[in-house]
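Chemist: Let me begin by handing over the structure; questions about it come next.
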Amino acid sequence: MIAYTFKRLLTLVPTLLAASVLVFLFIHLIPGDPAAILLGDTATPEEILALTRELGLDRPLWQQYVLWFKNVLSGDLGRSLFFDTPVLQVIADGAETSILLALLTMFWIVILGIPIGIVSASYKGTWIDQVTSGFAMLFASIPTFWLGLYLILIFSVGLGWLPSSGFPSVSDEGGWTNMRYLILPSLTLAAPNAALIIRLVRSSMLDVSREDHVRTARSKGLHPARVAIKHVFRNALIAVAAAFGFTFAALISEAVVTETVFSLPGIGRLVVQSILRRDYPVIQGVILIIVVLYMFVNLLVDLAYAWLDPRVSLS
Amino acid sequence: MKLLTFVKEALEGRKLATAGAIWLLIIVVAGIAAPLIAPFDPLEIDPIARLSEPGTPYLFGTDHFGRDTFSRAVYGARMALIIGIGSVMVALLCGGLVGMLSGYFTGLGHVLMRMVDVLMAFPALLLALVLMTVLERSVFNTILVIGIVYATTTARILFGMMLKLKNEVFIDAARCSGAGHLSLLFRHILPNLLSPILVQATFIFAFAQLQAAALDFLGLGLPPEVPSWGNMLAEERIYITRAPWLLIFPGVLIILSVFSMNLLGDALRDRIDPRFKDDIAGV
Amino acid sequence: MRYVTALTLGSRMISPVSDNQPLLRVENLCIAIQNAGQLQPVVRDLSFEVQASQTLGIVGESGSGKSLTVLAIMGLLSGSPVRVTSGKVWFDGKDLLQLSDAERRSIMGDGMSMIFQEPMTSLNPVYKIGDQIMEGIRHHQHCSAKEARTRALQLLEKVKIPDASTRIDHYPHQLSGGQRQRVMIAMALACDPLLLIADEPTTALDVTVQKEVLDLIAEIQQDTGTAIILISHDLGVIAQTCNFVAVMYCGEIVESSTTEKLFQRLGHPYTRGLIESIPPLHSDVEWLNAIPGQVPALNALPVGCSYQPRCSHAQAQCRQNPPVALLDDEHIVRCHFAQQLQGRAS
Amino acid sequence: MNRDTRWKAIYAVVALCLAVSTANAATTLRYATVGEPPSLDQHVVTSDLATTIAHHMFEGLYTFNAANAPVPLLAASDSMSDDGKVITITLRDDVTFHNGQAMTSADVIASLQRWGEFGSRGGLLFGNVSGIEATGDHEITINLSEPFGPWKNLLAFINGGPAIYPASIMEGATKEPLKPEDYIGTGPYQFTEWQPNRHVELSRFDAYASPEGEADGYAGERKAEFDSLKFFPVPDVGTRVAGLQAGDYDYAESIPGDLYASLDADSNVSTILNGGPIFGLVFMNSKEGPLKENFALRRAIQTAIDKTPALQVAIGPEGLWKANGSFLPEGNVWFNDSGVDNFSRGDAEAAKAMAAEAGYTGDPIKFMVSTNYPFHYDSAIVYTKQLAQAGFNVDLQVYDWATLIEKRAQPDQWDLFFTHHGFVPDPILISVMNDNYPGWWTTEEKAALKAKFTASSDPAERQAIWGEIQALIYEQVPTMKTGDVYTYNIASPELQGLGDATLIWPHFWNVSK
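Residue numbers (our numbering), protein chains in the order written: chain A, 645 to 959; chain B, 2 to 284; chain C, 4 to 349; chain D, 2 to 514.
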């Protein structure tokens, strides 16, 4: 397993290298001069030129890349043009929000998506199944930001139950009760993804339930719920786990929108804001880290896959 | 024609999916005949009539420019079609070709699929965001960007299908009877892939609507003057309480259309050749 | 030891020689399949009995309804479009069809258990075989994991899995087909069932392995005295293992007898067809006498005798429902010409 | 544990709980801003957002009273020589920095010098300063090469202005904005922390020495009632409104005009108008392209536009905008009506004729606008329609703000662009007066009037010269004013002492909850 993980990590290297070039290129193709934006309205062309030089933005692109990548390897993602602090620190500041948001969202996805999917599959063809599958599909069809706007309107402005926006750190005053700030955003984010998991659990369970070994399990006289969970769902989990990598990617994408709607100080909003501010080092850093994270998650998914399915051997 | 019967068979006995298909038909008609249906010019500004409530003559009310929301919604249907069909075409042309060629010529395939892997490591919206910032806001670029994002998944899926098909007996038979690469790919293999491609296309169409709306919301999608449902939501979102109709109508239109497309895609997928069932992600 | 069976054909009970209550008695069982809103009968008015410690073989081509019959007895039809429409299944003094689901499940895998056709797919790939055997034991006997494991180990040894103490922790994919079928048998035997149903247990196996598995089943029968229903499309297999045979065609029993008598005096032309299509072992055959034609579709059953369109002896008379003929007190045939044909048996 | 220590422990726990509960009861003002400020260093940053936060911790020598007149803040008094070339400023001697040091003339000199050399608006004043020196512990002298009228306004305008920092911080400080750890000022609140994207927090400065006198605009007594001020970036306006209504924020800035009526009627929300209006400006390219030196064509464009419908569409309710052609609003000392007849004629026919006469043949006119500011975009849409009716071929180019800023620095990229300007107390601070500002209006007529304008320190004379400059703007049209926009903010009704309107930036001294 360790050897396999190591090997997989090695195969990530070329992908990562290619991704880093791509990230770098994308960012430098963006129109907009960071120096001009930093200096604001009243800057003279001379001042802009001076700052451009100071930031090293006047060198050939490949030199900038080599320099950047060398620094990345030593753990230095550069300094934010906007905050004038190390990029890593800017990202770390946003990481708390994004990680907690992702965890809470995953929590909803799992506690909503999996049981509803199991129920839906167990009552296949009945009204229960039709209602749950119908709603799952409906929720997968709602634009995230639209849902978020209405959740704020109903639960924050209308009922006053939950905070509308922002997220004070859990290390600040309020401690873990600050998690209530993440309830609406995480539900918004979970809705389409839980819907996806419901449908996936349902369809893989239906596939598995047609398999012979389920009949064997039933012939042992086991309770249908036990058959559904231990034999059908457990095997369906293999396909579901494989989809979690995809869910993770969807989560990151939709977090960009959700964090914007709820003004959360997370990495998703950081990307949008940094694009608007032309804060190249931050955009590069965030995207690079997300790409690495995504590959890492995919590795975890593969490991989980092997762990869930004894037929898959890691070699 | 074969595809039409395929769709007809898929919809048999599925009331909700049939209702969805009818709704989509309405959207298509509205989109094509927009100038005939829309009572007003969707761009005509009328400061006096701004933020009028739904009623006559403004069926869906007006926005803060005093533009008729109903007319904009009708033209929005046209834009939804353009975005959907455009993205599907880009995704299928780029992704489909890459996927098919990679699956057919395995040597080349490994290289191409590695490149697809690299692109897939970028989460969809993030990739779209960065690409949109590099390019400028325009209908064409939006289509291109969304198309490229889904081209990666399409390439993957078609690659998988090709690997399965390539070893089927009838392909061997055709190969033995002297069919060339081109003829094998397009005369023998492609027809077998048409229905799964159609299913994939419905899902891309549906996702493209959501992606386009998200890009519009972030201010990085279609040019703001283009009447699209996403822009209508993005531009008027501060009026959520002041003029609720401005968010409800376009929002419901997006949801219904994506929902219908997903239902249709689901029905088609259930009808599809079991060989490919696992390959298509969908919702 | 003399086993006595009583088979009924149609609704008429014939010669219940038994002096004690049969272990299993199926009375007028009708099974139908839900198809586009209509109920399509698949098994019609089926009746038979199995005494304790008896081995009954049910033989017939695929589509004859033999598998559905045993699935109905087992109670495994729920969740499929197939259901029992009428009839009774008496097992151990209870009518299984009248029991609640929970009562039914308490019998499944305990008093009655089943081995399936596909050993490759009938085991759950994600659990160790030991755990799969233990699951039924723990469920029915409420014992500790340790006890269940000891029992599972004994069972594996009993079905002659080599190196059972290691194998118990293997996953199904690490075992060969024959071994998996042995595991299936071990699993079915876990709670010392009174009745073991084996649905084509050897069809998917190599010929050499087939024999080993059949021998094993026979041996277990000897040892434990469990009653067995063996289902096969291969009369040869049945002949090797069973002391009673029922031949099914189109959802009906067309002939039944002790194995011995069946081979002595062939009653039904269909049975004859089946026998002629057995490939003789150890001999080079150039062609087999396959029965011409196909099993008719359920919605296009012929009038009168169902076998009549394929039967070489068919006459106008065969368009009437055939009578039940008793060739012997244990040999029953459903054919217009039962008496005439038997003489021509080879 | 014996009896005694057990009781002690219980007391300690109770005391701790009390301490925690009072800590929780600490009053915090929660302010939803439109975004994240680039830096709070007032010398080099001109963002209004930065000043909204920073003027609670940094103070200048002067500030503005409610009538927008400059009055002493850290200064105690001043005098000027008869020739108007030597200014002597006496400093207050009771002022302490947040680091505990007392403020002396050394700090003031160091701060003014850095601002003069590197500050955004420092060059305007220091172009005329020949020397600056400490003439006592609490007295400084500024020597001017020429008399310079706007000096006190420039010293009072804290945005991009001369905040007073300790000399130790100023040592080696250049164009680079100060780091947060160097945010040391003299204001009623001091810097606590800045969590990027999350909040900027200021806390009460207990050793604050308030200026004397009744509060009047930014002048007079300053009392910090809150324990801390927290500024949260909430870029989405809908979220700012919802957040305030839901009670997550006490104050939210920059709210769209269309919501005014409903928010004003909402008893859970109070609305606060911003005193000084902002105004939109459409700059014309004086360096390149069809508009270069073609003043007649520029006037034709100006004639084609009717500003009112754009304001109606972009802002909404009547009370929140004014189709006012004077660069500074009515009631302000700089208000005048020279040239304003041409402000908003909206005469397509006349414009067509004027354009033909100016030799316009239908060349495309590139008009850049950003969607980051909805009112820019909304107005530009209306203008484009009007210009099209007058026969102009307008190529509307929509960018995000960052791209627009880059493009406008390149003379070959544009002919018109839309921006807006904040309220300023002295017209010299208006961007069109800056020769380097994109548009590059540098005609001889402008240069002559500008020289006259800065040389005078007589208020009446300066006002008259400003009138001439405004007339010249309407004649040469380096930029078109689009009208005054009164922005407003919303607050929780629990806030006491806000007043009905802010002067320029909202302030939270003398405000409590």
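Where a beta carbon is used, it is the ideal one built from N, C-alpha and C, also for glycine.
Mind checking the segment 202-234 of chain D against chain A and listing, in chain order, the residues whose C-beta falls within less than 8 Å of any C-beta there?
Modeler: Here the close residues are PHE233 and PRO234.
Chemist: Considering THR420 of chain D, what are the terminal residues of the beta strand (DSSP E) in which it resides?
Modeler: Its beta strand (DSSP E) spans residues 417-422.
Chemist: Could you check whether ALA78 of chain B and TYR151 of chain B sit closer than 9 Å to each other, using their CB atoms as the reference points?
Modeler: Against a cut-off of 9 Å, the Cβ pair of ALA78 of chain B and TYR151 of chain B comes out as no contact.
Chemist: For the candidate residues A:PHE906, A:ILE927 and A:ALA739, whose alpha-carbon lies nearest to that of VAL667 of chain A?
Modeler: Ranking A:PHE906, A:ILE927 and A:ALA739 by Cα distance to VAL667 of chain A puts A:ILE927 first.
Chemist: Mapping the DSSP letters down to three states, classify MET104 of chain D as helix, strand or coil.
Modeler: Of the three classes helix, strand and coil, the one that applies to MET104 of chain D here is coil, per DSSP.
Chemist: Specify whether the segment 368-385 of chain D and the segment 336-346 of chain D touch according to this definition: at least 3 beta carbon pairs, one from each stretch, less than 8 Å apart.
Modeler: Touching, no.
Chemist: Could you tell me how far apart the beta carbons of GLN102 of chain D and PRO167 of chain D are, in whole angstroms, since I believe they sit closer than 8 Å?
Modeler: Rounded, the Cβ-Cβ distance is 6 Å, consistent with contact.
Chemist: In this structure, how does DSSP classify ARG518 of chain D when only helix, strand and coil are distinguished?
Modeler: The shown model of chain D, from 2 to 514, leaves out residue 518 of chain D, and the question about it has no answer.
Chemist: Can you find a C-beta in chain B that's less than 9 Å from the C-beta of SER785 of chain A?
Modeler: For SER785 of chain A, the answer is yes, since a Cβ of chain B falls inside 9 Å of its Cβ.
Chemist: Evaluate ASP118 of chain B with the Cβ neighbour count: other Cβ atoms within 10 Å of its Cβ, from every protein chain shown; 16 or more gives buried, anything less gives exposed.
Modeler: Result: buried.
Chemist: How is THR23 of chain D classed by DSSP in three states: helix, strand or coil?
Modeler: Summary for THR23 of chain D: the model assigns pLDDT 42, below 50, so the residue's position carries little reliability, and this model does not support an answer.
Chemist: Return the Cβ separation of PRO178 of chain D and TRP116 of chain D in integer angstroms, given the expectation that the two are a contact with Cβ distance under 8 Å.
Modeler: The pair is not a contact, with the Cβ atoms about 13 Å apart (cut-off 8 Å).
Chemist: Run through the DSSP bridge pairs and tell me what SER724 of chain A is partnered with.
Modeler: Per DSSP, none; premise fails for SER724 of chain A.
Chemist: Assuming ASN193 of chain B is part of the alpha helix (DSSP H), what are its boundary residues?
Modeler: It spans 191-218 - the alpha helix (DSSP H) in which ASN193 of chain B sits, taken as one unbroken run.
Chemist: Closest to THR52 of chain D by CA distance: which of D:ALA157, D:GLU172, D:GLY137 and D:THR28 is it?
Modeler: THR52 of chain D has its Cα closest to that of D:ALA157, out of D:ALA157, D:GLU172, D:GLY137 and D:THR28.
Chemist: So what does DSSP say about HIS334 of chain C, is it helix, strand or coil?
Modeler: Of the three classes helix, strand and coil, the one that applies to HIS334 of chain C here is strand, per DSSP.
Chemist: Note down the Cα distance separating ASN519 of chain D from GLU350 of chain D, rounded to an integer number of angstroms.
Modeler: The structure shown does not extend to residue 519 of chain D, since chain D spans only 2 to 514, so no value can be given for it.
Chemist: Once you ignore the five residues that flank ALA359 of chain D on each side, which residues in its own chain have a CB closer than 7 Å to its CB?
Modeler: Excluding residues within five positions, the ones whose Cβ falls inside 7 Å are ASN295, ALA297, LEU298 and ALA301.
Chemist: Taking all protein chains shown into account, do 16 or more other C-beta atoms lie within 10 angstroms of the C-beta of ASN100 of chain D, making it buried, or fewer, making it exposed?
Modeler: Exposed, because fewer than 16 other Cβ atoms sit within 10 Å of the Cβ of ASN100 of chain D.
Chemist: Between which residues of its own chain and GLN191 of chain D is the CB-CB distance below 7 Å, once the five residues before and five after are set aside?
Modeler: Excluding sequence neighbours, GLN191 of chain D sits near MET58, HIS99, LEU203, SER204 and PHE206.
Chemist: For my contact list, ASP228 of chain D and THR29 of chain D are in at a C-beta cut-off of 8 Å; report their separation, rounded to the angstrom.
Modeler: The Cβ separation is near 6 Å, so the contact holds.
Chemist: Give me, in chain order, the residues of the same chain whose beta-carbon lies closer than 7 Å to that of ALA208 of chain D; leave out the 5 immediate sequence neighbours on both sides.
Modeler: Here the set comprises THR97.
Chemist: Measure how close the beta-carbons of SER380 of chain D and ALA311 of chain D come, nearest whole angstrom, since I'm counting them as under 8 Å.
Modeler: Sure, about 4 Å apart at Cβ, within 8 Å.
Chemist: Checking 9 Å against the spacing of the C-beta atoms, do PRO829 of chain A and ILE786 of chain A come in under that value?
Modeler: Taking 9 Å as the Cβ cut-off, PRO829 of chain A and ILE786 of chain A do not qualify as a contacting pair.
Chemist: So, do the segment 776-790 of chain A and the segment 891-907 of chain A have three or more beta carbon pairs nearer to each other than 8 Å?
Modeler: Yes, the segment 776-790 of chain A is in contact with the segment 891-907 of chain A.
Chemist: Step through the CB atoms of chain A and report whether any lies within less than 9 Å of the CB of ALA20 of chain D.
Modeler: Because ALA20 of chain D carries a pLDDT of 45, less than 50, the predicted location of this residue cannot be relied on, and no value is offered for it.
Chemist: May I have a chain-ordered list of the alpha helix (DSSP H) segments no shorter than 4 residues that lie completely inside the segment 841-914 of chain A?
Modeler: If we require 4 residues or more, the alpha helix (DSSP H) runs fully inside the segment 841-914 of chain A come out as 856-863 and 878-905.
Chemist: Which residue from A:ARG870, A:PRO868, A:ALA739 and A:ASP816 puts its Cα closest to that of ILE933 of chain A?
Modeler: Taking only the C-alpha atoms, the option nearest ILE933 of chain A is A:ALA739.
Chemist: Give the interface partners of ALA243 of chain D over in chain A, defined as CB-CB distance under 8 Å, in chain order.
Modeler: Within 8 Å Cβ-Cβ: ILE796, LEU797, SER800, VAL801, SER808 and SER809.
Chemist: Quick one: what's got a C-beta closer than 8 Å to SER907 of chain A's C-beta in the same chain, skipping five residues either side?
Modeler: The answer, listed in chain order, is SER809, GLY810 and ARG913.
Chemist: Could you tell me whether any Cβ in chain B is nearer than 9 Å to the Cβ of PRO658 of chain A?
Modeler: It does: the Cβ of PRO658 of chain A has a partner Cβ on chain B nearer than 9 Å.
Chemist: Hey, does HIS65 of chain B have any beta-carbon neighbour from chain D nearer than 9 Å?
Modeler: Yes, HIS65 of chain B lies at the interface with chain D (some Cβ there is under 9 Å from its Cβ).
Chemist: Closer than 9 Å, CB to CB, is TYR240 of chain B near chain D or not?
Modeler: Answer yes: the Cβ-Cβ gap between TYR240 of chain B and chain D drops below 9 Å somewhere.
Chemist: Relative to the C-alpha of GLY218 of chain B, which candidate in B:PRO192, B:PHE206 and B:GLY252 has its C-alpha closest?
Modeler: Correcting the residue identity first, residue 218 of chain B is Phe in this sequence and not Gly. Answer by Cα proximity: B:GLY252.
Chemist: Determine which residues of the segment 70-84 of chain B have a Cβ less than 8 Å from any Cβ of chain D, and write them out in chain order.
Modeler: Result list empty, no residue passes.
Chemist: Please list the segments of the beta strand (DSSP E) lying wholly inside the segment 258-321 of chain D, counting only runs of 3 or more residues, in order along the chain.
Modeler: List check, beta strand (DSSP E) in window: 271-275 and 279-285.
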